[in-house]
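First to last, the protein sequences are chains A and B. In terms of my numbering, the numbers along the first sequence are unbroken and rise by one, the last being 1639. In terms of my numbering, the numbers along the second sequence are unbroken and rise by one, the last being 1639. The beta-carbon is built from N, C-alpha and C at its ideal position, and this holds for glycine as well. Structure first, then comments.
There are 2 protein chains.
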Amino acid sequence: MNCSHAYNCSPRVGTEFFSPTSGEQCISTLESAGHEVRVSDLYQMNWKAVVDADDFGPHASNPLQVARNSGRAFDAGALTPDVVAEQEKLLWADTIIFQFPLWWYAMPAILKGWVDRVFSFHFAYGVGEHSDTKYGERFGEGTLAGRKALLSVTTGGPESHYTPRGINGPIEDLLFPFQHGILYYPGIELLPPFVLYGTDRMTAEAYPEAAKAWVERLLSVESTEPIAFRPQNYGDYEIPSLQLKDGLESAGRTGFGLHVRG
Amino acid sequence: MNCSHAYNCSPRVGTEFFSPTSGEQCISTLESAGHEVRVSDLYQMNWKAVVDADDFGPHASNPLQVARNSGRAFDAGALTPDVVAEQEKLLWADTIIFQFPLWWYAMPAILKGWVDRVFSFHFAYGVGEHSDTKYGERFGEGTLAGRKALLSVTTGGPESHYTPRGINGPIEDLLFPFQHGILYYPGIELLPPFVLYGTDRMTAEAYPEAAKAWVERLLSVESTEPIAFRPQNYGDYEIPSLQLKDGLESAGRTGFGLHVRG
């Protein structure tokens, strides 16, 4: 057991299709390698997906103001026990693995509801002071700095549909709002995602190879370089407009790709 | 009353901040202009956000397979009454307005859960035959073809953070998975979104101007050109790889922007 390399296969949701990237495979692989694992199986937990006044008790305003209400409840230690437990797991882990199917080009509602509720104000955002050179602690800094995350995503469609010219758009752009906007925001570094395509047409013959590739990715997490997202407060961006300074990117870079160094 | 220009302010969710783009403003504006309006206020309806076996009754498999199970339940007329009512509203409407705050760079969980449940197999996807020149009916064709949608989105952050070089990424790219991947998929055309930025710092002085702009957008819906997303089956894409054919785009277009003509 090596607690300094603990993992958190959290949160895991029901997979749409036949998938070798199941939670059981993930957990047994990591535990066999001596890592400590804590699991949040959102469907099993009957996770409450919708933010509402019940989340904030006496700190709920009418109408609800999720940011202000969640910040007051967080400061008072009054968030609900399910949310507190998830925040504690995030603080405990050094690596967080998110296992989910891509439904309608995004995460399932239950996982978005995990984000909406667990990533409370003063925990995941609204952290740090503003100054002439700093715009809070976010995008590379924050409560969860020093941790890594790895997305394991299954899709129904084939890989060609998710390439730079594919009709769905590039997979790295579809995952950008989660990887950069949600996880990098409070400081988590992102390992390149593990994406298994075409899972609705997967044959029994293809299964062992896909499972092997996933196991290899899991076992190489500690030696894998994170995606080089640009930190907010270290010279890449104008403050407070938060626009990328001219000339920092390679020729031809546009869109979300601007926010990766290189 | 002009039923042929009916609108559907659906679904509306709790707004995070002080916003002049409220559902009430939307409904009264449209009704005053003679349009028929049906509303889905997801929070008011206590909308069930999480797809589970209860959605499919005897058509649920174990483990759940959302596509296959929802398709069988749809074919049998056995989807739950809340989902059937939303599908009927979508078929009834000619214009659908989605009013929501951007939470963590995406729609709130309750709205994603509306998509995950209402956009069932054989209703919103899995429609049409495949051939050498067709890949089903989707991206411009499908059950909801002939309808338009308009997103009304509020953000906490200022506009500069959502520009082409802004740290959050361009707003049109953040909205692409919803506008293109979810709504255009079953055939809905997208009007340019109405985005109100910086709503957490909005002053009482700025309110009337923002409300006026929103009313003007609502009243010009019928004369507004939709976003020119590329249809899938009319020569823009290779079939079945669904990659955009070389040379169709203007110089410098990359990423999601490739899928808009021009």
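Where residue i sits in the DSSP three-state scheme
{"i": "T1392(A)", "result": "Below a pLDDT of 50, predicted positions are generally treated as unreliable, and T1392(A), at 41, falls in that range; the measurement from the model is reported next regardless. Reduced to three states, the DSSP call for T1392(A) is coil."}
{"i": "W1480(A)", "result": "strand"}
{"i": "V1460(A)", "result": "helix"}
{"i": "L1595(B)", "result": "helix"}
{"i": "E1536(B)", "result": "helix"}
{"i": "F1571(A)", "result": "strand"}
{"i": "H1507(A)", "result": "strand"}
{"i": "Y1420(A)", "result": "coil"}
{"i": "L1551(A)", "result": "helix"}
{"i": "F1451(A)", "result": "helix"}
{"i": "G1639(A)", "result": "coil"}
{"i": "G1400(A)", "result": "helix"}
{"i": "L1441(B)", "result": "coil"}
{"i": "K1489(B)", "result": "helix"}
{"i": "A1426(B)", "result": "coil"}
{"i": "S1627(A)", "result": "coil"}
{"i": "G1558(A)", "result": "helix"}
{"i": "E1408(B)", "result": "helix"}
{"i": "G1519(A)", "result": "coil"}
{"i": "T1601(B)", "result": "coil"}
{"i": "E1582(A)", "result": "coil"}
{"i": "A1470(B)", "result": "coil"}
{"i": "C1380(A)", "result": "Note on C1380(A): pLDDT 36, under 50, position unreliable in the model; no value is reported."}
Sheet register partners of residue i (DSSP bridge)
{"i": "F1633(A)", "result": "Beta-bridge pairing links F1633(A) to no other residue."}
{"i": "L1528(B)", "result": "F1475(B)"}
{"i": "L1340(B)", "result": "No statement about residue 1340(B) is possible, as the shown extent of chain B runs from 1378 to 1639 and does not include it."}
{"i": "F1498(A)", "result": "Y1502(A)"}
{"i": "P1512(B)", "result": "It is worth fixing the name first, because residue 1512(B) is Tyr in this sequence and not Pro. Partner(s): H1507(B)."}
{"i": "E1566(B)", "result": "K1525(B)"}
{"i": "N1543(B)", "result": "Per the sequence shown, residue 1543(B) should be read as Gly rather than Asn. According to DSSP, G1543(B) bridges with Q1620(A)."}
{"i": "F1606(B)", "result": "V1637(B)"}
CA-to-CA distance, residue j to residue i, given in whole angstroms
{"i": "P1388(A)", "j": "S1417(A)", "result": "At P1388(A) the pLDDT is 44, less than 50, meaning the model places this residue with poor confidence and gives no usable figure here."}
{"i": "A1581(B)", "j": "A1588(B)", "result": "11 Å"}
{"i": "L1407(A)", "j": "F1496(A)", "result": "26 Å"}
{"i": "D1613(A)", "j": "L1467(B)", "result": "45 Å"}
{"i": "Y1461(A)", "j": "K1525(A)", "result": "Note that residue 1461(A) is Val in the sequence shown here, rather than Tyr. For V1461(A) and K1525(A), the distance between alpha carbons rounds to 20 Å."}
{"i": "L1619(A)", "j": "Q1402(A)", "result": "41 Å"}
{"i": "N1446(B)", "j": "P1541(A)", "result": "32 Å"}
{"i": "Q1442(A)", "j": "W1424(A)", "result": "21 Å"}
{"i": "V1365(B)", "j": "F1553(A)", "result": "This structure gives no information on residue 1365(B), because the portion of chain B shown stretches from 1378 to 1639."}
{"i": "D1493(A)", "j": "T1631(B)", "result": "31 Å"}
{"i": "M1579(B)", "j": "E1536(B)", "result": "13 Å"}
{"i": "Q1476(B)", "j": "E1626(A)", "result": "35 Å"}
{"i": "E1463(B)", "j": "K1622(A)", "result": "46 Å"}
{"i": "K1511(B)", "j": "P1608(B)", "result": "11 Å"}
{"i": "H1499(B)", "j": "G1517(B)", "result": "16 Å"}
{"i": "S1646(B)", "j": "I1474(B)", "result": "This structure leaves residue 1646(B) out entirely; chain B is present only between 1378 and 1639."}
{"i": "S1544(A)", "j": "A1450(A)", "result": "According to the sequence provided, residue 1544(A) is Ile. The question's Ser does not apply to it. Their backbone Cα atoms lie some 43 Å apart in a straight line."}
{"i": "S1409(A)", "j": "A1605(A)", "result": "30 Å"}
{"i": "L1635(B)", "j": "E1549(A)", "result": "15 Å"}
{"i": "T1576(B)", "j": "R1415(B)", "result": "26 Å"}
{"i": "Y1539(B)", "j": "Y1502(A)", "result": "17 Å"}
{"i": "A1486(A)", "j": "V1428(A)", "result": "12 Å"}
{"i": "V1598(B)", "j": "L1488(A)", "result": "34 Å"}
{"i": "S1438(A)", "j": "D1432(A)", "result": "11 Å"}
{"i": "L1527(B)", "j": "E1602(B)", "result": "11 Å"}
{"i": "P1435(B)", "j": "Y1420(A)", "result": "19 Å"}
{"i": "V1637(B)", "j": "R1594(B)", "result": "22 Å"}
{"i": "P1458(A)", "j": "T1472(A)", "result": "22 Å"}
{"i": "V1572(B)", "j": "S1529(B)", "result": "6 Å"}
{"i": "E1465(B)", "j": "R1515(B)", "result": "19 Å"}
{"i": "W1491(B)", "j": "D1452(B)", "result": "19 Å"}
Within chain E, the residues that residue i reaches when beta carbons sit closer than 7 Å
{"i": "H1538(A)", "result": "Checking the listed chains, one finds no chain E in this structure; the protein chains it contains are A and B."}
Check: residue i C-beta below 8 Å from any heavy atom of the ligand COA
{"i": "P1535(A)", "result": "This structure does not include the ligand COA; it has no bound ligands of any sort."}
Are the region 1559-1579 of chain A and the region 1511-1522 of chain A in contact at 8 Å, needing three or more beta carbon pairs? yes
Do the region 1545-1564 of chain A and the region 1471-1489 of chain B meet, that is, are 3 or more Cβ pairs less than 8 Å apart? yes
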